[in-house]
């Protein structure tokens, strides 16, 4: 089976192409593919840009200022007893975001912009605790351009949540599945406490945008 490829068409005409490892994290990859095929990433932004760490994007069912879905999927990573070996988080690796320890968000994913050689604790916090689901195969220079942008430096609950001063908009996402079908994975709605956190992050971003 060929790995699916998604291409992020940025509004500046550049492209970022991602190969997703369906054999490494099948449920998680299916979540991204079905979200992209439904057009839900179109018009989304790289809301979170932490220099020399990650770019993060995603989409919400309810709030255009939020990158997180209100739904979670089972976390496909070792800390959740998922035993398929995954790549370590290094520059160019794609990972699935998450708010709760044993799950991943349904839509939010990030791209690494550093190997974290000088930050072993940061490496340790990612490896085996988040699903590593693919890599950048074209357009890494565009990823690194975004990495260097000036940001509004925000913090929520001790987490850096910096957002670019100039919005980095994903105009559309094009999917190549090589004829393979992908079904939407089973997802569970977050509880009230987590949904409140998601809403608070969205409110923080909305304050900056307005």
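Numbering (the numbering used here), first residue to last: 819 to 1028. For every residue, glycine included, the Cβ atom is placed at its ideal position computed from N, Cα and C.
From the listed residues 821, 870, 852, 827, the smallest Cα separation to residue 840 is found for 821. The C-beta of residue 945 has 16 or more other C-beta atoms within 10 Å across all chains shown, which makes the residue buried.
Distances from the CA of residue 824 to each of 831, 926, 838 were compared; the closest alpha carbon is that of 838. Judged by DSSP in its simplified three-state form, residue 890 adopts strand. Assigned with DSSP and collapsed to three states, residue 992 falls in strand. By the beta-carbon neighbour count (other beta carbons within 10 angstroms, threshold 16), residue 866 is buried. Residue 917 sits in coil when the DSSP states are folded into three classes, being neither helix nor strand. Collapsing the DSSP output to three states places residue 971 in coil. Counting only the Cα atoms, residue 833 lies some 23 Å from residue 1000. Excluding its 5 nearest sequence neighbours in each direction, residue 933 has C-beta neighbours in its own chain below 8 Å: 908, 909, listed in chain order. Residue 963 and residue 980 have their C-alpha atoms roughly 16 Å apart. Taking the Cβ atoms as the reference, residue 929 lies roughly 7 Å from residue 872, within the contact range of under 8 Å. CA-CA distance, residue 852 to residue 938, rounds to 34 Å.
The secondary-structure analysis by DSSP pairs residue 979 with nothing; it has no beta-bridge partner.
The alpha-carbon of residue 856 is positioned some 17 Å away from that of residue 845. Taking 9 Å as the cut-off, the Cβ atoms of residue 953 and residue 836 count as close. In the DSSP assignment, residue 928 forms a beta bridge with 874, 913. Nearest C-alpha to residue 887 among 850, 931, 968, 1022: 850.
Beta-bridge pairing by DSSP links residue 952 to 838, 912. A Cβ-Cβ distance of about 5 Å is found for the pair residue 829 and residue 989, placing them in contact under the 8 Å criterion.
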